[in-house]
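Notes follow the structure.
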Amino acid sequence: MADWIRDFIAGQVATSPENSLADGSGERAFDQPLVGFSAGDDPLYQEYRRHIGDFFWTPAQAHALAFPDDPAPASELTVISWILPQTQATKDENAGQNIYCSRRWAAVRLFGEKFNALLRRELAQALCDRGVPACAPMLLPQWKMEISPAYNFASTWSERHAAHTAGLGTFGLCDGLITPLGKAMRVGSVIVRARLEPTARPYADHHAYCLFFSHGTCGKCIPRCPVGALSEKGHDKNKCSRHVRVAGKEHNQREFGLEIEGCGLCQVAVPCASHIPAPEEGL
């Protein structure tokens, strides 16, 4: 089943007309994906709940919301996670920006994420059609934003944390997930009632791929932030949110006619934009 799932996701990315910038060019929003699996009873999910807040779902809790008449024990569940990398053209265009995101970046945030939602829905439905109950936590009507006492803005399910659990990446100074395909990407997940082999985590620390934390170097994302939301102390979510969700949204509507928030400047023109950075890249 794992190979079928990988092929399904890759096939959708390669062939779906929805994987596009929706500008008539035929240009794709995302390049080929990376897929990983984590066990529904992986202890990290309980750790997230303890650290982030009681509102944060474990895989079993999310699956039970989707199938209230047939809840599954965590031991019977697998979380499928995928990384959808931005194209080089999108990364290059956004790298040239210094206040607001580029048109391509805004289009991916809008139309690319619509494709990501479609991918979640179609994968879950395809699994259900095969007789295997599956759901996409982000598409559940109960999903919502929350405030974490420790981390401020949070939500009931995190695609990035699921991907981290599935061995797909670690967190950076700006809170982005640094993956083998870089941190300029989108993330998705589906929970399936099947026990699949978990992907090995090639790291022991949740900051392992960030050169600032692992080597005390880099910090090149800090000057990329146009509003000073990044520093050696970390990510100021309030400053970031005001720029992304208010000023950025107004800019994208005014300049591009796209009703979507966005920025992403800290995800490009940095060593971790497209791969796991080598130590010398942080110097």
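Going by numbering that gives the first Met the number 0, the sequence shown opens with residue 0, and the numbers climb by one from there. Yeah, the Cβ is synthetic: ideal placement off N, Cα and C, and Gly gets one too.
- request: Please classify V269: does DSSP put it in a helix, a strand, or coil?
  value: coil
Residues near D235 by beta carbon distance below 6 Å, same chain, minus five either side: A228
task: Look up L137 in the DSSP assignment and say whether it is helix, strand or coil.
output: According to the sequence provided, residue 137 is Met. The question's Leu does not apply to it. Three-state DSSP puts M137 in a helix.
- prompt: Which residues mark the beginning and the end of the beta strand (DSSP E) in which A38 is found?
  reply: 33 to 38
- prompt: When DSSP labels each residue in this structure, what does F212 get in the three-state scheme?
  reply: helix
field: Helix, strand or coil at P58 according to DSSP, with G and I counted as helix
entry: helix
Residue ranges of each alpha helix (DSSP H) within the stretch 125 to 205, 4 or longer: 158 to 164
- prompt: Which partner residues of L98 appear in the DSSP bridge assignment?
  reply: Reading off the sequence shown, one finds Ile at residue 98, where the question assumed Leu. Paired residue(s): none; I98 is not in a bridge.
field: C-beta contact flag for I98 and P222 at 8 Å
entry: no
- prompt: Got a sec? Which residues, its chain only, sit under 6 Å from A1 by beta carbon, not counting five neighbours each side?
  reply: L195
message: Can you confirm whether the stretch 48 to 58 touches the stretch 171 to 179 when touching is taken to mean that 3 or more C-beta pairs between the two stretches lie within less than 8 Å?
response: no
message: Using a 10 Å radius around the Cβ and a threshold of 16 neighbouring Cβ atoms, would you call P84 buried or exposed?
response: buried
- prompt: Nearest to T77 by CA position, among Y44, P32, D22, is which residue?
  reply: Y44
message: Check this for me: beta carbons of Q31 and E121, under 8 Å apart or not?
response: no
- prompt: If you count every other CB in all the chains shown that lies within 10 Å of the CB of I82, and 16 or more means buried, which is it?
  reply: buried
message: Spatial neighbours of R119 within its chain, please: C-beta separation below 7 Å, excluding the five flanking residues on both sides.
response: A135, M137, L138, G187, V189
query: Would S19 pass as a contact of D40 if the rule is Cβ separation under 8 Å?
result: no
message: Out of C239, S240, E260, which one is the CA nearest neighbour of E249?
response: E260
task: Can you tell me which of the three DSSP states S19 falls into?
output: coil
field: Between the CA atoms of Y208 and A161 - distance to the nearest angstrom
entry: 17 Å
- prompt: Mind checking V254: buried by the 16 CB within 10 Å criterion, or exposed?
  reply: For the record, residue 254 in the displayed sequence is Glu; it is not Val. When all chains shown are included, E254 counts as exposed.
- prompt: Under three-state DSSP, which class holds P84?
  reply: strand
task: Using only alpha-carbon positions, find the residue among A272, V267, F211, K232 that is nearest to P278.
output: F211
field: Those residues which DSSP pairs with T77 across a bridge
entry: A38, V191
query: Can you name the start and end residues of the alpha helix (DSSP H) that S240 belongs to?
result: 236 to 240
- prompt: Sorted by chain position, which residues of the same chain lie with C-beta nearer than 6 Å to A153's C-beta, five sequence neighbours on each side aside?
  reply: I51, E145, S147
query: Do you know whose CA, among V191, V243, V245, T169, lies nearest H274's CA?
result: T169
query: Nearest-angstrom Cα distance between T86 and A246?
result: 25 Å
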